[in-house]
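>
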Amino acid sequence: MDIGFSPEETHFREECRDWLHAHVPAEKRPLDAADAIGFDKAWQRRLFDAGWAGINWPTDYGGRGLSIVQQVIWLEEYAAAHAPWIGANFVGVNHGGPTLILNASEEQKAYHLPRILKGEAIWCQGFSEPGAGSDLAGIKTRGRIEGDELVINGSKIWTSFAHVADWQELVLRTEEGSLRHKGLSWAICDMHAPGITVRPIRKMSGQTEFAEVFYDDVRIPLTNVVGGLGNGWKVAMSTLSFERGTGFIADQVKQSHEIEELIAAARANGMIKDDRIAGHLAQLRAEVAAVRAMTYRNISEVVRTGQPGPEASVIRLFTSELGQRLERMAVLLMGEAIIDFAYGDDDAVGDYLRGFAATIAGGTAQIQRDIIGERLLGLPKSR
Amino acid sequence: MDIGFSPEETHFREECRDWLHAHVPAEKRPLDAADAIGFDKAWQRRLFDAGWAGINWPTDYGGRGLSIVQQVIWLEEYAAAHAPWIGANFVGVNHGGPTLILNASEEQKAYHLPRILKGEAIWCQGFSEPGAGSDLAGIKTRGRIEGDELVINGSKIWTSFAHVADWQELVLRTEEGSLRHKGLSWAICDMHAPGITVRPIRKMSGQTEFAEVFYDDVRIPLTNVVGGLGNGWKVAMSTLSFERGTGFIADQVKQSHEIEELIAAARANGMIKDDRIAGHLAQLRAEVAAVRAMTYRNISEVVRTGQPGPEASVIRLFTSELGQRLERMAVLLMGEAIIDFAYGDDDAVGDYLRGFAATIAGGTAQIQRDIIGERLLGLPKSR
Amino acid sequence: MDLTPNDEQIAFQTATTDWCREHMALEAARDRPDGLWDQLEAMGLPRLTAPEANGGLALDHATEALVFAELGRFLAPIGLLSSAVANRWFAEPFDGKVALALTVEEPGPLRVLDPVDSAAVLLLQPGSVRVFDIPDRFLNQMTRQQHVTAHRPTIDLSTMQSEQGWATTAVWTEDDVRPPLHLQLLAAAYAVGCADAARDMAADYARLREQFDRPIGWFQALKHMCSDMAVRAAAARSQLYYAACALDENAADAAFHVAAAKRLADQGALDNGRANIQVHGGIGMTDEAAAHLPLKRAHLLQFIAPAAREALLA
Amino acid sequence: MDLTPNDEQIAFQTATTDWCREHMALEAARDRPDGLWDQLEAMGLPRLTAPEANGGLALDHATEALVFAELGRFLAPIGLLSSAVANRWFAEPFDGKVALALTVEEPGPLRVLDPVDSAAVLLLQPGSVRVFDIPDRFLNQMTRQQHVTAHRPTIDLSTMQSEQGWATTAVWTEDDVRPPLHLQLLAAAYAVGCADAARDMAADYARLREQFDRPIGWFQALKHMCSDMAVRAAAARSQLYYAACALDENAADAAFHVAAAKRLADQGALDNGRANIQVHGGIGMTDEAAAHLPLKRAHLLQFIAPAAREALLA
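Protein chains in written order, with the numbering used here: chain A, 261 to 643; chain B, 261 to 643; chain C, 212 to 525; chain D, 212 to 525.
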């Protein structure tokens with residue numbers, strides 16, 4: 261056990277820092293998906309051209325083929341440099357891409373992966389449905405096989421960046437009458453295909469980032485199915501377990517910066533003199549440290565065994581709730597100024613309002629606690 | 261709506277105060293049931309002789325027949341005077357007696373009620389069993405009918421004062437093969453009957469107050485059944501709903517005094533200068549006020565309609581958890597001195613340790629939340 | 212001693228709820244009809260406790276608190292709070308709405324809530340309330356700049372704000388602890404209504420929404436979240452009633468009880484507001500659903516006559 | 212960077228757990244066998260990080276933290292903490308157990324924990340640790356009274372205490388931040404073990420105990436209570452490992468990381484200790500069940516090298 265980095269890793273860190281210092285855009289990333297799309301694509305292209313996109317992706321598909329530790333170093337420096345959120349490229353780079361790497365055919369990988377890394381193709385996620393949120397296996401969107409095509413009908417919801425996306429990772433029921441986890445497939449859906457309607461949904465913070473997607477006899481080639489027909493649950497879970505493992509490193513790195521900024525702000529406005537505020541900040545700082553320690557531990561596990569340890573679900577839950585505590589503290593430190601919040605403001609209030617998603621999206625905190633109780637502690641399944 | 265008292269009520273309050281001032285014993289009540297029994301009986305007798313036992317009990321059975329408001333006034337003055345907990349008389353005066361008043365025959369009432377009020381007969385409660393705690397309807401102790409007798413076999417647990425009691429309010433299964441709430445009866449069991457074995461259980465605070473009770477062919481007359489054979493669940497619930505209604509007034513009145521003592525203690529030792537301590541105390545004082553307001557509201561409801569409102573379960577839950585918060589604050593204010601706690605000490609640490617019972621005994625906090633969700637909010641039953 | 216509302220009070224409360232449901236639905240909070248204030252005026256709502264000589268109904272604070280909790284449940288205009296206080300404690304007539312300013316160190320510029328169409332603005336000060344006229348423009352005494360009183364949104368989607376300078380022409384109350392307590396009581400009543408609204412919205416959704424082939428309210432985790440919302444709302448409401456009675460009787464500890472009511476009501480409104488969104492899941496985070504409305508209102512209410520720790524420990 | 216224990220560390224950890232289970236069961240914490248300390252000494256547990264020259268194993272703090280967390284899980288003697296620190300940082304040999312004194316303003320009398328059979332006592336001071344001999348009797352410098360060092364119980368049923376005067380004859384560390392951090396780290400390890408013990412006890416019971424014809428762990432309310440215990444224990448344990456590595460590397464922020472570990476471990480031990488009793492229900496409140504033992508130990512541990520807010524904000 262050690263917390264040091266090798267000379268090679270330290271050198272890599274300096275490389276990251278230097279490049280970021282010179283290239284992080286001065287202007288702020290727009291919050292609305294429609295406004296941000298140009299910014300996001302340009303920034304991703306810039307990262308790609310300089311060799312920073314896909315640090316731990318295979319070199320065959322445009323990645324650098326470096327270690328996960330180097331990926332973490334990059335993310336730490338990225339956050340330290342206040343580089344912009346990758347935004348519309350999030351799903352492709354962090355979900356769709358890794359799923360393809362694990363499950364797709366050579367042809368699928370060769371076509372899609374470089375386009376994702378270059379910011380040329382924007383991806384979105386089509387998992388949740390109006391009737392299948394926490395109960396993901398309740399999926400009803402169906403794909404009828406006609407010749408060498410899938411004909412899709414149904415709807416998806418909470419699809420971030422749907423209205424600006426080119427491709428969608430879509431989980432749908434391809435076996436008529438199948439139940440729950442069976443008979444599902446994971447397919448690459450062309451978002452420009454006829455029959456797709458996107459209804460953007462505004463968030464309570466004012467941004468329009470996610471949408472409802474309707475499919476009316478949408479046709480995609482059968483060859484767009486990834487991992488084989490009927491294996492959709494397994495393929496989707498490979499993405500989700502990635503999310504639960506190391507996919508949230510960036511969030512955790514961000515929290516390390518946020519707590520320092522909060523402490524500085526409380527010192528600046530004098531609120532740290534209140535023992536309750538100081539006590540809370542001290543507590544939050546300890547918790548942020550623990551998240552970092554857990555993340556490092558989990559990464560070490562990946563390095564050793566190739567996959568995250570069973571405690572990845574603990575990190576996921578702890579990080580999401582800690583994020584909300586940090587956002588609440590930020591709002592508390594604003595005092596009365598919170599009243600001035602107006603739709604679309606990119607301030608601590610906006611972060612706080614958007615932050616409600618952390619314990620809802622991708623499995624509510626309640627579902628996470630079920631998983632921890634059942635998988636880590638062996639308690640009987642309730643559902 | 262008004263919070264004032266009538267001149268008659270105010271006069272009654274003065275009467276209470278004067279008598280208590282003159283008669284509250286100087287010595288502390290012993291904590292162990294075996295040591296306390298003599299003290300408890302003598303104090304109860306003294307209360308009875310002066311007309312303070314059974315203020316709102318019917319006059320026919322030795323009570324004063326006064327209003328519930330006067331009962332509350334008495335309890336407020338009782339707490340203010342630091343009068344001792346009624347201890348071993350608790351079950352008879354607060355559970356068994358009220359159940360008899362509501363459900364028993366004239367003969368049963370005439371025999372038992374005056375003995376309870378005078379402190380001559382100590383009662384204990386036989387509801388919980390080793391396999392039936394939160395799941396009260398899982399009762400297995402059975403009573404076989406033989407001629408005009410019930411022959412009892414089985415065991416009960418968490419029976420406070422069992423080893424010093426004369427009578428027990430015993431819920432048992434009198435219909436062989438009956439399930440859940442059906443086929444139960446509520447009977448008066450003679451604790452001196454042959455075949456009863458009492459195994460006292462020590463608490464983690466060091467006191468021995470409750471016990472396990474074993475029944476080996478214990479015979480009691482069938483006439484000891486209250487409310488009719490097979491009606492045990494209904495009769496037991498009449499006691500429990502009383503508990504949930506106004507039975508906890510004494511606890512709530514005590515909390516009003518405790519918070520003032522905590523604030524005084526924090527001022528005395530200077531810990532109130534810590535904003536966190538001061539903030540917690542302020543919060544606790546507001547919560548204690550709310551419990552009092554809820555209790556008054558509930559009493560007003562009883563005065564108007566004859567029974568507690570549906571929010572009685574809210575008061576029950578709030579009071580039990582608030583009591584624990586107060587106990588934790590008391591321990592916090594002790595600082596390092598908590599280390600000196602030794603078994604049997606009658607200090608804030610003992611209160612804290614005994615206080616874990618508040619969210620366990622008589623229905624855990626989890627069961628209380630189920631009840632609130634289902635009965636107040638109409639959510640579907642989970643069990 | 213009787214803390215249950217009497218028949219007359221219950222009738223008034225029920226009538227208020229019914230009227231609100233029809234004319235002032237929570238879901239429409241961000242877009243109130245033009246004539247709303249006139250209707251509220253016509254029903255006497257800003258003058259429930261005002262003396263009859265001033266066109267008031269001269270009711271007690273207990274009744275007023277009951278009614279304002281119902282109004283708060285539908286996110287009624289913030290200006291009702293300040294108007295009710297102004298009409299109760301000043302002999303001179305305020306013709307129309309009195310906006311509400313948040314406490315400031317004099318003579319700084321005021322943050323004026325719900326200023327649209329207001330004739331005047333009420334400011335809470337230690338031991339007193341003060342009412343200023345609302346001019347078209349004002350001089351910021353610190354920066355010496357002239358400002359137009361433009362209206363801007365607040366976090367609460369049903370409330371606008373503007374900025375205004377401290378004026379020397381004002382009326383204020385003196386030697387009476389009740390006017391500031393009155394404002395704190397009514398703000399607490401609004402917060403209690405807000406906590407109630409969030410609780411009911413969450414429970415309604417938990418009964419209907421199904422996941423895993425069951426209503427989500429069947430699951431103990433969500434059920435208990437709703438139960439805790441019920442506990443917070445019930446505690447705050449009982450304390451509100453008690454505080455209202457204490458104020459009616461001018462009890463020595465009225466200031467403590469009103470502060471306790473405000474503290475518990477604010478917490479109930481905030482915590483229930485947050486829990487309501489969690490119970491709603493994805494839909495709770497959207498602008499089109501109403502779950503965010505009580506939460507945002509709660510964030511505004513916490514700055515209106517907040518409960519000071521000193522008042523709670525006094 | 213590697214925060215997973217290596218094979219050697221895991222082997223040591225497992226061996227410790229196995230030995231403890233057999234010879235030092237948590238359930239028997241209040242009645243330890245006479246020869247226990249000699250066995251702990253024989254295994255080198257109070258000298259894991261002590262230099263080889265002093266008969267130590269010269270291991271790193273990372274390994275030591277792993278092992279002490281296991282020891283803590285079985286409520287091992289408090290004297291192991293102080294003995295390990297004394298043996299590590301002082302050249303002179305301490306033959307036998309070194310008891311632990313809680314921090315006092317000098318020269319007040321010391322509260323000495325686990326003093327039975329101790330040759331000396333270690334006291335944490337700002338920036339230093341100090342070791343005194345233990346006399347049979349002492350002079351209270353404030354009251355000028357002679358006291359016999361009688362042994363009294365503490366809230367932790369496996370730990371006795373005595374009182375002792377400040378002595379002028381002592382050894383202490385100078386100009387080294389590590390000795391005090393070492394004590395804080397080991398106390399944190401004990402608390403992590405304590406949190407683990409409570410979590411495991413609760414989960415075991417929730418799997419077995421049935422109510423309403425199901426294991427109680429099936430009910431989401433209890434399941435989530437257990438999950439939260441797992442979260443607290445996991446967070447504290449990861450931070451403990453990280454802090455141990457930081458101390459091994461003498462990192463600039465080691466003091467923060469050790470303090471963070473102690474804070475989270477103390478909270479985990481207390482909160483898990485309480486939750487464990489609630490999960491157990493009636494049986495959890497009894498003396499005969501073991502559920503109260505980790506809670507009481509947690510209450511003691513929080514006073515041993517507590518994490519100061521200043522260290523967490525530094």
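C-beta: ideal position from N, C-alpha, C; glycine also.
The structure presented is a predicted model; accordingly, all values stated were derived computationally and were not measured.
Taking its Cβ as the centre, do 16 or more other Cβ atoms sit within 10 Å of S266(A), making it buried, or is it exposed?
Sequence index remark: in the first sequence, residue 266(A) carries index 6 (1-based). With fewer than 16 Cβ atoms within 10 Å of its Cβ, S266(A) is classed as exposed.
> One question on the structure: do D611(A) and A590(A) come within less than 8 angstroms of each other, judged by their Cβ atoms?
Locating residue 611(A) in the first sequence gives position 351, where the first residue counts as 1. Locating residue 590(A) in the first sequence gives position 330, where the first residue counts as 1. For D611(A) and A590(A), yes; Cβs fall inside 8 angstroms.
> Grab the span of the alpha helix (DSSP H) containing A351(D) for me, first residue to last.
Numbered from 1 along the fourth sequence, position 140 holds the residue referred to as residue 351(D). At residue 351(D) the sequence reads Asn, which differs from the Ala that was named. Premise fails: N351(D) is in no alpha helix (DSSP H) and is neither H nor E.
> Taking only beta-carbon atoms, is Q422(C) less than 8 angstroms away from chain D?
Working through the third sequence from its first residue, we reach residue 422(C) at position 211. No, Q422(C) does not count as interfacial toward chain D.
> Under the rule that 16 or more other beta-carbon atoms within 10 Å means buried, what is E439(B), buried or exposed?
Counted from its first residue, the second sequence places residue 439(B) at position 179. Here residue 439(B) turns out to be Leu, not Glu, going by the sequence shown. L439(B) should be labelled exposed.
> Under the rule that 16 or more other beta-carbon atoms within 10 Å means buried, what is R232(D), buried or exposed?
The sequence position of residue 232(D) within the fourth sequence is 21, counting from 1. When all chains shown are included, R232(D) counts as exposed.
> Ends of the alpha helix (DSSP H) at D218(C)?
Translated into the one-based positions of the third sequence, residue 218(C) becomes position 7. Counting along the chain, the alpha helix (DSSP H) containing D218(C) begins and ends at 218 to 234.
> According to DSSP, is I328(B) part of a helix, a strand, or is it coil?
Taking the first residue of the second sequence as position 1, residue 328(B) is located at position 68. Correct three-state label for I328(B): helix.
> First and last residue of the alpha helix (DSSP H) that includes R389(C)?
The sequence position of residue 389(C) within the third sequence is 178, counting from 1. Looking at the DSSP string, the run of the alpha helix (DSSP H) that includes R389(C) is 389 to 419.
> Which partner residues does E429(B) have in the DSSP bridge list?
If you number the second sequence from 1, residue 429(B) lands on position 169. Note: E429(B) sits in a beta bridge opposite Q385(B), I448(B).
> With 16 other CB atoms within 10 Å as the buried threshold, where does T463(B) fall?
Here the question's residue 463(B) lines up with position 203 in the second sequence. It is worth fixing the name first, because residue 463(B) is Lys in this sequence and not Thr. Buried is the call here.
> Assuming contact is defined by CB atoms lying nearer than 8 angstroms, are D405(C) and P326(C) in contact in what I supplied?
Counting from 1 along the third sequence, the entry for residue 405(C) is found at position 194. Counting from 1 along the third sequence, the entry for residue 326(C) is found at position 115. According to the sequence displayed, residue 405(C) carries Cys and not Asp. Result no, Cβ atoms of C405(C) and P326(C) do not sit closer than 8 angstroms.
> Please go through the same chain and pick out, in chain order, the residues whose beta-carbon is closer than 8 angstroms to the beta-carbon of G583(B), but skip the five residues on each side of it.
The residue labelled residue 583(B) in the question sits at position 323 within the second sequence. The residues are D511, Q515, G615, A618.
> Give me the Cβ distance between D534(A) and D535(B), rounded to the nearest whole Å; I'm assuming they're in contact under 8 angstroms.
Here residue 534(A) refers to the residue found at position 274 of the first sequence. Here residue 535(B) refers to the residue found at position 275 of the second sequence. Indeed, because the Cβ distance is near 5 angstroms, the residues count as touching under 8 angstroms.
> Decide if the segment 482 to 501 of chain A is in contact with the segment 549 to 566 of chain A; the criterion is three or more beta carbon pairs, one per stretch, under 8 angstroms apart.
Result no; under three Cβ-Cβ pairs closer than 8 angstroms.
> State buried or exposed for Q220(C), treating a residue as buried only when at least 16 other CB atoms are found within 10 Å of its CB.
For the purposes of this step, residue 220(C) is taken as the residue at position 9 of the third sequence. Looking at its Cβ environment, which holds 16 or more other Cβ atoms inside 10 Å, Q220(C) is buried.
> Could you give the residue range of the alpha helix (DSSP H) that holds G479(D)?
Reading the fourth sequence from its first residue, position 268 is the one you call residue 479(D). It spans 465 to 491 - the alpha helix (DSSP H) in which G479(D) sits, taken as one unbroken run.
> DSSP on G414(B), reduced to helix/strand/coil?
Counted from its first residue, the second sequence places residue 414(B) at position 154. Strand, per DSSP.
> Which first and last residues belong to the alpha helix (DSSP H) in which Y612(B) is found?
The residue you call residue 612(B) lines up with position 352 of the second sequence. Counting along the chain, the alpha helix (DSSP H) containing Y612(B) begins and ends at 608 to 614.
> Do W279(B) and W312(B) come within 8 angstroms of each other at the CB atom, strictly closer than that value?
Against the second sequence, residue 312(B) aligns to sequence position 52. Against the second sequence, residue 279(B) aligns to sequence position 19. Contact: yes.
> Could one say the Cβ of M554(B) lies closer than 8 angstroms to chain C's Cβ atoms, at least one of them?
Within the second sequence, the letter at position 294 stands for residue 554(B). Yes, contact with chain C.
> Under the three-state reduction of DSSP, which class applies to D328(D): helix, strand or coil?
Here residue 328(D) corresponds to residue number 117 of the fourth sequence, with the count starting at 1. It is coil, neither helix nor strand.
> Using a threshold of 8 angstroms, state whether the C-beta atoms of A471(B) and M451(B) are closer than that.
Residue mapping note: residue 471(B) aligns to position 211 of the second sequence, counting from 1. Residue mapping note: residue 451(B) aligns to position 191 of the second sequence, counting from 1. Against a cut-off of 8 angstroms, the Cβ pair of M451(B) and A471(B) comes out as no contact.
> Beta carbons nearer than 7 angstroms to chain A: which residues of the segment 511 to 545 of chain B have them?
Going along the segment 511 to 545 of chain B in chain order, one finds D534, D535, R536, G539 with a Cβ nearer than 7 angstroms to chain A.
> Locate the alpha helix (DSSP H) running through S394(A), then write down its first and last residues.
The residue labelled residue 394(A) in the question sits at position 134 within the first sequence. First-last for S394(A): undefined, no H or E at that position.
> Please state the DSSP three-state secondary structure of W383(C).
In the third sequence, counting from the first residue as 1, residue 383(C) sits at position 172. Three-state DSSP puts W383(C) in a strand.
> I'd like to know if A470(D) contacts chain C, where contact means its C-beta is closer than 8 angstroms to some C-beta of that chain.
As a first step, residue 470(D) is located in the fourth sequence; it is residue number 259 there, counting from the start. It does not; no Cβ of chain C falls within 8 angstroms.
> May I have the straight-line CA-CA distance separating G352(A) from A550(B), to the nearest angstrom?
Here residue 352(A) refers to the residue found at position 92 when the first sequence is read from its first residue. Here residue 550(B) refers to the residue found at position 290 when the second sequence is read from its first residue. Taking the straight line joining both Cα atoms gives about 53 angstroms.
> Taking the CB atoms as reference points, tell me whether N349(A) and I382(A) lie closer together than 8 angstroms.
The sequence position of residue 349(A) within the first sequence is 89, counting from 1. The sequence position of residue 382(A) within the first sequence is 122, counting from 1. Yes, the pair counts as a contact, with Cβ atoms nearer than the cut-off.
> Please report how far the alpha carbon of Y452(C) lies from the alpha carbon of I532(B), in whole angstroms.
Translated into the one-based positions of the third sequence, residue 452(C) becomes position 241. Translated into the one-based positions of the second sequence, residue 532(B) becomes position 272. Spanning the two alpha carbons is a distance of roughly 30 angstroms.
> Provide the residue(s) that pair with A312(C) in DSSP beta bridges, ordered along the chain.
For the purposes of this step, residue 312(C) is identified with residue 101 of the third sequence, where counting begins at 1. A312(C) pairs with V323(C), L334(C).
> Starting from I627(A), trace the alpha helix (DSSP H) both ways and give me its first and last residue.
Within the first sequence, the letter at position 367 stands for residue 627(A). Looking at the DSSP string, the run of the alpha helix (DSSP H) that includes I627(A) is 625 to 631.
> Name the DSSP beta bridge partners of N491(B), please?
To locate residue 491(B), count along the second sequence from 1; it is residue 231. Note: N491(B) sits in a beta bridge opposite L444(B).
> Residues bridged to T419(A) by DSSP?
Numbered from its first residue, the first sequence carries residue 419(A) at position 159. In the DSSP output, where bridge partners are listed per residue, T419(A) has A471(A).
> Against chain D, with Cβ distances strictly below 8 angstroms, would Q489(C) count as a contact?
Within the third sequence, numbered from 1, the residue matching residue 489(C) stands at position 278. Q489(C) does not count as touching chain D.
> Looking at C-alpha atoms only, which residue of W418(B), N354(B), S580(B) is the closest neighbour of D498(D)?
By 1-based counting over the fourth sequence, the position of residue 498(D) is 287. Of W418(B), N354(B), S580(B), the residue nearest in Cα terms is W418(B).
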